[in-house]
Amino acid sequence: MEQLVNAVNGIIWSPALVYLCLGVGLYFSVRGRFLQVRHFGEMIRLIFDGKGTDAGVSSFQALSMTLAGRVGTGNIAGVATAITFGGPGAVFWMWVVAFLGASSAFVESTLGQVYKEKLDGQFRGGPAFYIEKGLGIKWYAWLFAVVTVFACGVLLPGVQANSIGAGLEQAFGVAPTVTAAVLAMALGFIIFGGIKRIATFAGAVVPFMALGYITVACVILLLNIHQVPAVFMLIVKSAFGLEAGFGAILGLAIQWGVKRGIYSNEAGQGTGPHASSAAAVSHPAKQGLVQAFSVYIDTLFVCSATAFMLLITGQYNVQGPDGEAIYTGIAGVAAGPGYVQTAMESIMPGFGAAFVAVALLFFAFTTIVAYYYIAETNIAYINRKVHRPWLMFVLKLALVVSTVYGTVKTADLAWAMGDIGVGLMAWLNIVAIILLQKPAFAVLRDYEAQRAQGLDPVFHPEKLGIKNADYWAGHRAEDNLEDEQRAAEGKAPLHDRG
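If you want our numbering, it's the 1-based position in the sequence shown plus 34.
What follows is the structure in structure tokens.
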């Protein structure tokens, strides 16, 4: 089984995908005149702009839902495996993927907003929607939807659950079977509560967990501030094969940095647009910019915190392509959360391992919840045509079973299966956003033009020649928002829908 999974992974994660992710991110950055730098202040402002409605969530809640997916096992265990197989230089390539990927995240999340729909009283959107409406290729849209349901409902939850089980067992001696049972019950309570419960849960937990983890990491950095310059130089030199010990694995540094970077921040993978489409905003570019910022939070903050902790303490291993040890700093511990727990425990005895286990529990659990929402959105897309309500129940059941199975199985197999899911989604989505880049950048220019006039931007797709933007077309976007907010307050709408 493991050999088959690894063989499939070798095909999906060929150098072609690695360079495609980097190349597309660079191209979008240049075409958007490095919007991820120019609009940095605007990104922060927009996070707290707007309120939720009956149909949609607020920008902050949408960001929290997206971060629930982005900030997960990849930020702790993923960084550890990237360093193990790619050396310290892999961290640099994770940064590159994040910086360039912010532009990809803008494009895909903006497209999600442009082509979103209102289904059963809730906003739904994502790659399947914009592939069908923007490209007009229904079979391609259905292929993405089916792959995403399988990836997020079956393959990916096991990766997160496995790290929760391993972390709790190492820190507290909790048997994985017990962890699996508790996870199943908690997950069932949340996913049967619908999008509002998911958004509320994410909005409460995600900021708390990310800030807590970054704060503790900063304390460790301050305690070892004299080592930070040397560690930074180690990362940069290793990234370009200039560090003697790691020069032989330059190609692996790039490959693992890009692979784990994409797994962690998900830019271009097609997961972000699902949550961003649920936001109630007056212009699609608003969510595009907010989602671009979420990539920074994930990789430049949380992943970097993990990487510096490992490299400062020396609690990591590096191995070559044939498995031989290049550097051994923590013998007898498998690549994953154990590295981070040992590193933090060495600085904060009696606290470190337990803290990482709890952080991992929150990180990974919220990611599983986000995976459910993504898969649910694609079931909703499928149900527009086939009308099979029982598919939602099957998805819930599959997700819980996958979580339980992943908690008690080996980490290597769980990660390899997760990589297949991520890789397939990335291939399908990146090709789609390359073909749909024109409307995304037209939306950006429209937003910038309105802001330059001192206006609060409002989206009119017909003025930009964008077709099939059904939610936005035919009536003013601010009318939508005002009426939905009035409906939430039990008041009658003010505007004629025509």
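From the three backbone atoms N, C-alpha and C, an ideal C-beta is built for every residue, glycine too. These numbers come from a predicted model, not from an experiment.
Residues near residue i in its chain [Cβ-Cβ closer than 6 Å; skip 5 each side]
i, result
"L202", "V208, T213 and A391"
"C186", "Y405, I408 and A409"
"Y174", "I165"
"D453", "N43"
"A393", "Y247"
"V477", "T144, P318 and A319"
"G322", "F140, S143 and T144"
"K172", "E166"
Assumed close pair residue i, residue j - CB separation to whole angstroms, cut-off 8 Å
i, j, result
"V32", "Y361", "Summary: the structure shown does not reach residue 32, with the chain confined to residues 35 through 532, and so no result is reported for it."
"G304", "N463", "3 Å"
"F397", "G106", "5 Å"
"A507", "P495", "6 Å"
"W290", "F119", "5 Å"
"P371", "S197", "5 Å"
"A218", "T400", "Incorrect: roughly 16 Å between the Cβ atoms, too far for contact."
"A96", "A309", "5 Å"
As assigned by DSSP and simplified to three states, the class of residue i
i, result
"Q484", "helix"
"I408", "helix"
"G532", "Summary for G532: the model assigns pLDDT 37, below 50, so the residue's position carries little reliability, and this model does not support an answer."
"L153", "strand"
"A313", "strand"
"R479", "helix"
"I45", "helix"
"R422", "coil"
"R158", "strand"
"R67", "coil"
"G440", "helix"
"V492", "coil"
"V105", "coil"
"T305", "coil"
"L190", "coil"
"D332", "helix"
"L345", "helix"
"F82", "coil"
"E277", "coil"
"K497", "helix"
"D453", "helix"
"H509", "At H509 the pLDDT is 49, less than 50, meaning the model places this residue with poor confidence; the figure from the coordinates comes in the next sentence. Looking at H509 - three-state DSSP - the assignment turns out to be coil, as it is neither helix nor strand."
"M35", "coil"
"I110", "coil"
"G92", "First, the amino acid is wrong: residue 92 is Ser here, not Gly. Three-state DSSP puts S92 in coil, outside helix and strand."
"N40", "helix"
"A432", "helix"
"E300", "coil"
"L470", "coil"
"L417", "In the sequence under discussion, the amino acid at residue 417 is Asn, which differs from the Leu named in the question. Note: N417 maps to helix in three-state DSSP."
"P122", "coil"
"A537", "Because the chain in this structure spans residues 35 to 532, residue 537 falls outside the shown range and cannot be described."
"G291", "helix"
"A50", "helix"
"G322", "helix"
"I117", "helix"
"I198", "helix"
"I171", "coil"
Neighbourhood of residue i by C-beta, 7 Å cutoff - its chain only, sequence neighbours within 5 removed
i, result
"Y149", "G159, F163, Y164, K167, G168, N502 and A503"
"V292", "V52, C55, L56, W127 and V131"
"M343", "A251, I254, V374, A377 and M378"
"Y439", "G192"
"P210", "G199, E203, T441 and V442"
"F235", "I224 and V403"
"V270", "F126"
"I45", "none"
Sequence-distant residues of its chain with Cβ nearer than 8 Å to residue i (five each side left out)
i, result
"F226", "K430"
"V183", "A409, N412, I413, I416 and L429"
"G302", "C55, V58, G59, G135, S138, A139, E142, I296, A460, N463, I464 and I467"
"P423", "N417"
"L257", "I381"
"A450", "E36, V39, N40 and N43"
"R479", "none"
"V262", "L255, F342 and I346"
Beta-bridge partners of residue i, as assigned by DSSP
i, result
"V352", "Y361"
"R72", "R72 pairs with nothing; no bridge assigned."
Inset, instruction - Scan the segment 203-270 and note each continuous beta strand (DSSP E) run of 3 residues or more that stays entirely inside, going in chain order. - result: Assignment of beta strand (DSSP E) within the segment 203-270, counting only whole runs of 3 or more residues, yields no such run.
Legend entry - Segments assigned alpha helix (DSSP H), at least 4 residues, entirely inside the segment 360-402: Here the runs fully enclosed are 371-381.
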